Amino acid sequence: MNMKHRIQKRIIFLGVVITLLFSGISVRLWWIQSVEASQILDKAKQQWERDKDIKPRRGSILDRNGQILAYEGKAYTVNATLKPRNEREAQIAGDNYVKDPYYTAEKLAPILHVSPEQLLKHLTRTDAFNVELGKEASKITEQQKNEIIALQYPRDAKGEPSEVNQLPGVTIWETTRRYYPHNNFASQVIGYVNYEEKAQMGIEQQFDKELRGEPGYLRMMKDGAGYQLPDEAETYKPAKDGMNLVLTIDQQIQEYAEQALDQAEAQYHPKRMMVLVSDPNTGEILAMANRPGFDPNTYWNIKNFTNDSISFMFEPGSTFKIITLAAAVEQNLFNPNDTYQSGLYTKVPGKPIQDHNNGVGWGRITFLEGVQRSSNVAFVILGYEKLKTDLLSAYFEKFGIGRKTGIDLPGEEDGIMRDLKKSRPRDVAVTTFGQGVAVTPIQQVAAVGAIANGGKLLKPQIVKEIRDPHTNGVVKTYGTEVVRQVVSSETAKKVRDYLETVITGDHGTGKAFGEGLEGYHVAGKTGTAQTYDPQTGKIVEGKYIYSFIGFAPKDNPRLVVYVVVDDPQTEYSSNEVGSKIVAPIFRTVMGNSLQYLNEQPDMSVLEPKKAAVPAAPVYEKAMPNLVGMTTTAAENRAKQEGLDYTVIGTGTKIADQYPKANEKVTQPGKVYLVTNRTQGTKMPDFTGKSLREVMEFASLLQLQVNAIGTGFVSEQSIKPGTPLTGKERLQVTLQSLDAPTPTAATDESAAESPADATEEADEGESP
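Spelled out as structure tokens, the structure:
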């Protein structure tokens with residue numbers, strides 16, 4: 001009975017257990033089918049459906065002539081497997097983990113250009129198993145990768161690589177990165193892409209949508225082992241690569257600006273510098289260089305996150321007088337032969353406004369001489385007395401002062417233009433010569449460009465075209481945009497004539513800016529202004545911003561060049577800085593650029609013996625299409641057309657030509673015929689030739705050229721007749737036709753004294 005009772009109890013217990021088990025299973029099934037159904041289905045889909053994102057290729061950035069300034073290329077990321085913390089990690093790592101983090105950091109640091117201490121922060125972590133080694137290791141180059149592999153598997157005396165990894169735990173994964181082949185070249189304009197692939201600054205940021213393209217994907221059904229299921233369709237969307245952007249920047253002109261700033265920075269260590277070069281007829285920016293600069297390839301070292309050419313606001317000083325002068329001429333209120341008493345202006349309340357020679361003046365002089373001497377009193381009379389507040393304010397607005405130009409770059413500032421109608425009389429008066437107003441360099445370039453091109457204010461252009469990366473077809477073109485007509489073409493012509501006398505006149509403050517550029521009829525205006533403490537708004541004593549804006553040739557301007565130098569460290573007096581520091585930058589950029597553009601000087605203004613040199617005929621004709629013809633036939637055709645041609649190479653057929661077919665050529669213009677065999681081409685004698693001719697020849701053979709000086713070629717590093725391989729670097733020394741001997745600047749040729757910016761020093765208020 002006892003046995004039977006025990007059996008019954010066991011049966012009951014077993015029944016209860018089974019009942020509870022089935023009840024639990026039932027509850028679990030209900031829970032899975034109702035509560036967790038959606039989550040389980042998602043997990044199943046993740047197992048069955050395998051998506052693969054397809055990354056698009058970011059578009060390239062090119063200069064106006066097709067030179068690559070930024071491109072997407074292959075790169076590598078360096079990771080490290082640290083010491084395993086548990087059995088699972090030990091199974092994954094095996095013997096391949098970092099055993100000596102100090103040794104590893106010491107070996108990798110020089111290759112990654114980082115300190116061992118920084119690498120140790122990653123290699124000694126205890127909260128991770130696989131780690132990245134920081135920004136410097138996130139996208140390394142092919143060369144860096146090979147150097148790391150050489151450390152891992154060093155070669156013995158026979159050249160055989162080691163079979164044992166000497167740097168265990170270090171792994172290299174292939175990825176892509178953004179490359180900037182010219183380093184700090186136009187870096188603030190181009191911008192950069194960081195290691196998180198986010199576009200920062202410049203063109204990279206402004207046109208990120210166009211450059212980055214659209215990602216694609218590949219979706220397919222797979223089993224648990226990862227094999228594609230039979231008869232299952234796959235969904236594929238190809239990636240759409242980013243567009244290529246062609247800038248208005250000309251690499252060669254930009255290089256002139258960069259080199260000039262490099263030299264000035266090394267000598268004078270200014271707080272900042274800018275050089276802008278534009279084509280006033282189109283609004284295209286051909287160069288925009290800033291200092292301090294940075295290398296976008298190592299963006300993590302960047303300290304200056306702004307493009308000062310479009311964001312730095314400062315009192316322009318006397319370069320602003322160009323606008324006051326243009327307004328007075330347009331209103332028929334400027335007679336160059338009328339006279340006035342220079343020195344002091346006392347018709348406004350408060351302290352008299354004085355000329356920059358401490359109010360001494362030059363006696364009773366003409367208004368034209370006042371322009372040449374940069375007389376503050378002359379411009380107060382023209383603007384405050386004659387134009388009066390309403391007209392003066394209207395012209396400042398017409399010229400775009402106090403408003404963004406709309407250039408396609410991020411970070412542009414408005415500048416500062418106070419409401420003159422609500423301002424004190426003295427504030428209105430000093431605005432006529434560039435005080436109490438703040439501009440950006442790009443505003444100044446746009447405003448003066450209107451004088452150079454015949455009176456039209458143009459929107460500055462930095463992008464020329466957007467092109468398809470595969471067909472190279474033009475997707476979008478950015479043409480000239482006229483904002484408004486600010487003055488008549490007749491007024492613009494008169495103002496250009498007056499501004500030329502600032503360079504050539506007996507009393508001109510800009511004489512130093514025309515030295516070595518004789519024959520190009522340079523016109524422009526100097527400027528000197530005091531700086532303000534951004535915290536207090538008070539004037540900073542002894543700190544000045546020196547500038548010059550000029551264009552050439554005066555009657556048909558090809559270029560506007562604006563140079564700004566902020567607080568250079570020099571022993572020169574303030575009166576000398578313009579001629580000693582600013583002028584060489586301007587002359588170098590303007591002179592080289594005009595030569596590069598094949599702009600011929602006016603021989604009649606040079607020495608009589610040089611004036612006898614015959615000028616090139618001005619008639620033009622269309623270039624015939626010689627590509628595909630035999631070399632002999634092409635030569636005969638060139639002779640028939642009266643072309644001055646040079647055959648490059650020893651091939652029997654013409655493979656390329658410069659200028660291209662149907663392009664206009666000025667006779668006698670140099671024409672290059674490139675054959676289908678260029679190996680062994682001999683270096684021509686470029687003595688006496690323009691830089692443009694050198695660049696044309698070099699581009700056809702892909703030679704690198706470095707130019708020193710301005711003018712025409714006087715020396716070349718590769719002797720004429722030397723066979724070329726196409727990998728040489730040619731250096732040419734340029735010299736102006738009259739080869740002037742440098743002389744010390746006189747007081748008249750120096751930029752005006754900083755005193756022209758100190759009339760409000762007692763009030764000490766910033767704009």
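Last residue of the sequence shown: 767 in the UniProt record's numbering, with the numbers rising by one and none dropped.
The beta-carbon is built from N, C-alpha and C at its ideal position, and this holds for glycine as well.
Bear in mind the structure is a predicted one, so any value in this text is a computation, not a measurement.
| Item | Value |
| --- | --- |
| T77, DSSP secondary structure in three states | strand |
| L133, DSSP secondary structure in three states | coil |
| Between the CA atoms of S547 and Y498 - distance to the nearest angstrom | 19 angstroms |
| Sequence-distant residues of the same chain with beta carbon closer than 6 angstroms to E132, five excluded per side | N79 |
| Given 8 angstroms, three or more beta-carbon pairs between the stretch 333–351 and the stretch 362–369 | yes |
| E160, buried or exposed, once every other Cβ within 10 Å from all chains shown has been counted against 16 | exposed |
| Simplified DSSP state of E663, which is helix, strand or coil | coil |
| Same chain, Cβ closer than 7 angstroms to S393, five either side skipped, listed in chain order | L420, K421 |
| Buried versus exposed call for G688 [16 or more other C-beta atoms within 10 Å across all chains shown] | exposed |
| R177 - DSSP class collapsed to helix/strand/coil | strand |
| Counted within 10 angstroms of its Cβ, other Cβ atoms place R426 as buried (16 or more) or exposed | buried |
| Buried or exposed (CB count within 10 angstroms, at least 16 for buried), N184 | buried |
| The stretch 84–100 contacting the stretch 251–264, beta-carbon criterion three pairs below 8 angstroms | no |
| Alpha carbon of A109 to alpha carbon of W173, nearest angstrom | 18 angstroms |
| Whole runs of the alpha helix (DSSP H) within the stretch 245–275, excluding any shorter than 4 residues | 251–268 |
| Spatial neighbours of N130 in its chain, beta-carbon cut-off 8 angstroms, leaving aside the 5 residues before and after | N79, A80, T81, L82 |
| 7 angstroms Cβ cutoff met for D144 and I111 | For the record, residue 144 in the displayed sequence is Gln; it is not Asp. Cβ distance < 7 angstroms, so Q144 and I111 count as in contact. |
| Per-residue burial, P608 [other beta carbons within 10 Å of its own, 16 or more giving buried] | Because P608 sits at a pLDDT of 48, beneath the cut-off of 50, its placement in the model cannot be relied upon, and the following sentence gives the value as read from the coordinates. The residue is exposed, with fewer than 16 neighbouring Cβ atoms inside 10 Å. |
| Outcome for M3 when other beta-carbon atoms lying within 10 angstroms are tallied against a minimum of 16 | exposed |
| Closest Cα partner of Y97 within the set N297, N165, D53, V114 | N165 |
| Member of P684, E641, E663 whose CA lies at the smallest distance from the CA of I648 | P684 |
| Separation of R418 from Q146, as counted between CA atoms | Position check: residue 146 holds Asn in this sequence, whereas Gln was assumed. Cα to Cα, N146 sits roughly 60 angstroms from R418. |
| Beta strand (DSSP E) segment containing M288, residue limits | 284–291 |
| Proximity of V565 and M273 at Cβ, strictly below 7 angstroms | yes |
| Residue interval of the beta strand (DSSP E) (run including S547) | 539–552 |
| Buried versus exposed call for K107 [16 or more other C-beta atoms within 10 Å across all chains shown] | buried |
| Helix, strand or coil at T501 [DSSP, three-state] | helix |
| 7 angstroms Cβ shell around P614 - same chain, five flanking residues per side excluded | Residue placement at P614 is poorly supported in this model, since its pLDDT is 45, which falls under 50; the coordinates are not used for a value here. |
| Distance, L344 Cα to V713 Cα | 49 angstroms |
| Contact the stretch 446–453 vs the stretch 479–495: 3+ CB pairs below 8 angstroms | yes |
| For R373 and A328, the rounded distance between their alpha carbons | 18 angstroms |
| Those residues which DSSP pairs with Q372 across a bridge | Paired residue(s): none; Q372 is not in a bridge. |
| Candidates P280, Q259, Y217, A260: closest to T248 by CA position | P280 |
| Nearest-angstrom Cβ-Cβ length linking E500 and R587, presumed shorter than 8 angstroms | Not really, about 16 angstroms apart at Cβ, beyond 8 angstroms. |
| Classification of P740 by the beta-carbon crowding that lies within 10 angstroms, buried from 16 upward | Because P740 carries a pLDDT of 45, less than 50, the predicted location of this residue cannot be relied on, and the following value inherits that uncertainty. Exposed, since its Cβ has fewer than 16 Cβ neighbours within 10 Å. |
| Per-residue burial, Y76 [other beta carbons within 10 Å of its own, 16 or more giving buried] | buried |
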